[in-house]
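Read in order, the letters of the sequence shown are residues 236 to 778 in my numbering. Glycine residues also receive a C-beta, built at the ideal position from the N, C-alpha and C atoms.
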Amino acid sequence: MPSSVPTANSIPIPAEVIERPPTARPRRWLQARLGLAAGLVLLADLLFYGHALGISLAYFLATLAAASLWANPVRASGRSRALALLLLGAGLLAIVEEANLLSSVLAILSTAVFAVMISQQRQARWQEQMREARRMLLAGAFRLLGDIGRVSRLSGLRRRVPGGFGWVTSWIIPLAFLSVFATLFASANPLLESWLRRIDLRLLLDLLSPWRMLFWLLILCLVWPMLHVRAARKRNAQKLAAQELAAQELAAPAAKAITFDPYGLFGDAAILRSLVLFNALFAVQTGLDIAYLWGGVALPDGMSYATYAHRGAYPLVVTALLAAVFVMIAMRPAGPAARKAAIRPLVLAWVGQNIMLMVSSLLRLDLYVAAYSLTWLRLVAFIWMLLVAIGLVLIVIQISGRKSTNWLVSANAAALALTLYGFCFVNTPAVIANYNFRHSQELRGTGPRLDVSYLTSLGPQAIPALDRYAPRIAAVERALPGSSWSRDVSTLPITRDYKANKHRAEQADWRAWGFRAWRLSRYLANTPTAPFRGKSSPATPGQ
């Protein structure tokens with residue numbers, strides 16, 4: 236009979252539930268999963284080591300998800316299984332479009348969440364699933380060593396080498412004697428000696444290089460926790476009950492006597508006075524933005540609109556974030572807003588002014604980009620500001636609708652996840668290149684000058700924009716002598732062909748395939764060489 240351990244609610248829990256792996260044959264359980272992990276490491280070596288990332292990552296993560304499905308008991312309901320498959324497919328779809336840092340992180344995270352969801356019997360909140368997925372990705376070697384130790388204890392092998400390492404050590408003597416006998420036979424048999432000399436020792440050394448072994452170890456640390464997903468323990472119910480009780484106590488009137496602010500720095504009077512002062516100060520800033528940014532009032536001498544916009548674009552975002560923190564303090568459960576009726580409308584007015592400041596910050600950044608061109612960081616800043624503005628709007632909805640803090644966190648997390656996922660499908664180099672060409676001084680006669688070195692640093696995805704607009708710039712002849720375009724335009728065809736050839740070489744390996752790269756390959760197949768040749772290139776009507 237399996238031993239049991241008591242719990243706080245006097246419900247006996249089998250020891251096998253606490254000490255994993257829950258199996259009658261722990262050594263066989265460990266060996267099967269070690270073999271599966273070794274196969275995944277071998278697959279990762281064939282797909283990734285020395286090769287560019289592409290659709291190969293999607294293949295590997297799909298195989299890892301299938302291996303996790305085989306190695307772990309499926310406890311989830313049908314609805315949870317469908318949701319887990321949908322989440323996994325969405326993550327892999329981002330990789331199919333293009334394998335970059337953002338899409339790779341999201342795809343790996345979605346695979347980990349898939350492994351967690353299919354192994355959970357109860358429907359957990361998304362915060363718990365994300366927390367467990369994070370632990371899984373960080374567990375790595377610690378979970379592997381822990382499983383080996385548990386198998387050793389369950390097998391009664393305390394004084395013997397654990398099963399996984401015992402399997403390795405059991406090969407030392409056979410391989411050592413095999414090497415000795417092979418050497419002796421080679422000295423006695425010239426034919427065998429010639430065969431042994433054909434073995435490429437450099438290839439063997441390359442396979443056993445320290446960097447390659449480190450890569451194997453990293454892959455093993457990634458895949459092992461997904462081959463052994465630990466089920467949520469029954470103490471989670473007690474933990475959730477304790478959290479609910481603590482929340483009720485916090486919201487009770489008696490909580491007024493228990494405060495994190497014993498000196499009254501964030502008391503009712505301090506919050507009320509702060510909101511009055513903050514609203515007055517923010518009204519001044521809002522009025523200046525309305526006058527200078529939106530109303531077109533002339534700025535003081537020596538200050539351009541670009542300077543005015545740049546000075547305030549990023550500090551105002553920090554201001555809005557600090558304001559959001561202050562609002563969370565003012566509107567906390569059983570806080571000042573629950574005791575003073577004047578605080579709630581002041582908070583709503585202040586959040587509204589912060590939303591106006593964020594809209595003004597977006598306009599500031601737009602003016603700055605119009606004066607100094609678009610870059611990666613400025614595009615990310617646009618998205619960041621938009622997310623902050625959405626967060627402020629969600630705060631207004633939470634306050635007016637009297638929704639919980641958990642709702643606010645979930646709504647902001649959903650907005651962030653959808654934004655990051657959507658950004659995976661944006662061809663950022665093409666967006667930046669097209670924008671800078673369309674708004675350049677060389678093409679329109681007004682706006683920022685083209686930075687050729689930055690445009691070429693965007694990579695092969697900027698080639699279609701270069702092919703489209705370079706002939707137009709040559710036709711209008713607005714490029715100023717000595718500018719970056721006039722100085723470097725003669726080398727653009729060479730640079731363009733170099734990046735195109737580099738792209739073709741990368742795509743020759745099927746592992747690097749991506750839908751975005753495939754679209755560019757089709758374009759390059761139809762346009763094998765640059766449709767322009769420096770300043771002498773004729774205009775190409777209709778392009």
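Every unbroken alpha helix (DSSP H) within the segment 687–731, with a cutoff of 4 residues, ordered by chain: Runs of the alpha helix (DSSP H) inside the segment 687–731: 687–692, 698–711, 719–723.
Neighbourhood of A646 by C-beta, 7 angstroms cutoff - its chain only, sequence neighbours within 5 removed: Excluding sequence positions up to five before and after A646, its CB lies within less than 7 angstroms of the CB of L629, all in the same chain and listed in chain order.
D744 burial status per 10 Å Cβ neighbour count (16 or more: buried): Classification of D744: exposed, given that the 10 Å Cβ count is below 16.
For L609, the three-state DSSP class (helix, strand or coil): The answer is coil: DSSP assigns L609 none of H, G, I, E or B.
Segments of 4+ residues assigned as alpha helix (DSSP H) that fall wholly inside the segment 313–349: Qualifying alpha helix (DSSP H) stretches, in chain order: 313–332.
Within 8 angstroms, strictly: CB atoms of W459 and L379: Cβ distance < 8 angstroms, so W459 and L379 count as in contact.
Assigned exposure category for P397 - 16 Cβ within 10 Å defines buried: With a pLDDT of 49 at P397, under the threshold of 50, the modelled position of this residue cannot be trusted; read the value that follows with caution. Counting Cβ neighbours within 10 Å, P397 comes out buried, since at least 16 surround it.
Cα-Cα separation between K575 and P568, rounded to whole angstroms: So the alpha carbons of these two residues sit roughly 13 angstroms apart.
V562 vs S303 beta-carbon contact at 8 angstroms: No, the pair does not count as a contact, with Cβ atoms beyond the cut-off.
Given 8 angstroms, three or more beta-carbon pairs between the segment 680–687 and the segment 646–657: Verdict: no, contact absent.
R299 and L327 closer than 8 angstroms at C-beta: Position check: residue 299 holds Leu in this sequence, whereas Arg was assumed. With respect to L327, L299 sits apart: the two C-beta atoms are not nearer than 8 angstroms.
Per-residue DSSP class, three states only, for D744: Reduced to three states, the DSSP call for D744 is coil.
Segment contact flag, the segment 658–671 with the segment 697–705, C-beta cutoff 8 angstroms, min 3 pairs: Verdict: yes, contact present.
Residue closest to V331, alpha-carbon to alpha-carbon, out of F767, A518, R746: Of the candidates F767, A518, R746, the one whose C-alpha sits nearest the C-alpha of V331 is R746.
V276, enclosing alpha helix (DSSP H) - first and last residue: From DSSP, the alpha helix (DSSP H) with V276 extends over 261–282.
Spatial neighbours of R470 in its chain, beta-carbon cut-off 6 angstroms, leaving aside the 5 residues before and after: With a pLDDT of only 43 at R470, under the threshold of 50, the placement of this residue in the model should not be trusted; the figure read from the coordinates follows. Here the set comprises nothing.
Close beta carbons around L206, own chain, < 6 angstroms, minus the five adjacent residues each side: Only positions 236 to 778 of the chain appear in the structure, and residue 206 is not among them; the question remains open.
Beta-carbon proximity check, S721 vs L727, cutoff 8 angstroms: With respect to L727, S721 sits apart: the two C-beta atoms are not nearer than 8 angstroms.
Exposure label - Q362; buried when at least 16 CB within 10 Å: Counting Cβ neighbours within 10 Å, Q362 comes out exposed, since fewer than 16 surround it.
Burial state of A411 (16 or more Cβ within 10 Å): With fewer than 16 other Cβ atoms within 10 Å, it is exposed.
Three-state secondary structure assigned by DSSP to M563: M563: helix per DSSP, three-state reduction.
A515 to W748 span [Cα, whole Å]: The straight-line gap from Cα to Cα measures roughly 56 angstroms.
P535 - DSSP class collapsed to helix/strand/coil: DSSP places P535 outside both helix and strand once states are collapsed to three, so it counts as coil.
Span of the alpha helix (DSSP H), counted from its first residue to its last, around C456: Residues 445–462.
Boundaries of the alpha helix (DSSP H) in which P664 is found, first to last residue: For P664, the uninterrupted alpha helix (DSSP H) segment begins and ends at 663–673.
For M365 and V348, believed in contact at Cβ under 8 angstroms, the rounded distance: Their Cβ separation, rounded to whole angstroms, is 7 angstroms, which keeps V348 and M365 in contact under 8 angstroms.
Which of helix, strand or coil DSSP assigns to E484: In this prediction, E484 scores a pLDDT of 46, lower than 50, which makes its location untrustworthy; no coordinate-derived value is stated.
Run of the alpha helix (DSSP H) containing F513, from where it starts to where it stops: Per DSSP, F513 belongs to the alpha helix (DSSP H) from 503–524.
C-alpha gap between F517 and A624, whole angstroms: Rounded to the nearest angstrom, the two C-alpha atoms are 16 angstroms apart.
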